[in-house]
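Position one of the sequence shown corresponds to residue 479 (this note's numbering), numbered consecutively onward.
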Amino acid sequence: MKAFVHFVEVSSRWFAVAGMALLGIAVLAVMADIVLRRGAGISVPGTVDLVQLSVMTAFFLALPSTFLHEANVGVDFVTDRLPARALAALKGAVSLLGALFMAAVTWHSLQQAALQVGNGDRSQTIGIPIAWYWAPLVIGCALAVSSSLLLAARYGLQSLGRADYMAGEVERAGVDL
C-alpha cells in the first residue's frame, strides 16, 4: 500500500509541474508568434494547434494533483458542523464517487480515442496526430482515479478512527518536490 501511496503522491506532483511547464511553452509560442508577426510580418505555423495541445495537456496533467489536494470547487459550509468522523465518512464517499466518475470518463475517453486514432485523425493546422491530444487526457483521468481512491481510503480510515494511517507517506519519507 505504501508503494501505491508514494506513486500517487509523487506522480501527481511531477505531472502538475510538467503541466505548468507546458503552460509556459504555450505562452512562449504565442509571444514568439506575436513578435514575429509584428517584427518580420510572418507567423509561426501551427501556433493554435500547439497552444491548444499545451493548454489541454497542462489541464489533464494537473488533474490528479487537483483531486489529491482537494482543490476542486466545494461548498464547505454545508458540512462544517458535522462531527469529524461523519465528515470523513462523507468525504470518503464523495471521493469514491469521484473515482467512479473519473473511471467512466477514462473508459469513454479511451473508446473515443481509439476511434479517432483508428481513423488517422490529425490536428487541422500542422497535422499533429490526434493521439497526442488523447494521451494526456486518458493518463490524467486514469491518475485522477488513483488520487480519488487514495483519498477515499484515507477518509475511510479516518472515519474509523485511524487518522494517522496513510496521512502523507511522501512527507514522512522526506521526499521534497
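Yeah, the Cβ is synthetic: ideal placement off N, Cα and C, and Gly gets one too.
Pick helix, strand or coil for residue i, following the three-state DSSP scheme.
i, result
"Leu575", "helix"
"Val648", "Model confidence at Val648 stands at a pLDDT of 40, short of 50, so the residue's coordinates are unreliable; what they give is reported in the following sentence. Looking at Val648 - three-state DSSP - the assignment turns out to be helix."
"Arg600", "strand"
"Gly639", "coil"
"Pro614", "helix"
Return the first residue and the last residue of the alpha helix (DSSP H) that residue i is part of.
i, result
"Ala518", "480-518"
"Ile606", "Premise fails: Ile606 is in no alpha helix (DSSP H) and is neither H nor E."
"Leu528", "525-546"
Determine the contact status of residue i and residue j, defining contact as a CB-CB distance below 7 Å.
i, j, result
"Leu546", "Ser625", "yes"
"Phe538", "Gly605", "no"
"Val556", "Thr603", "no"
"Tyr633", "Ala577", "no"
"Ala630", "Leu574", "yes"
"Val616", "Ala581", "no"
Just checking my contact of residue i with residue j at CB under 8 Å: how many whole Å lie between their CB atoms?
i, j, result
"Ala494", "Ser543", "4 Å"
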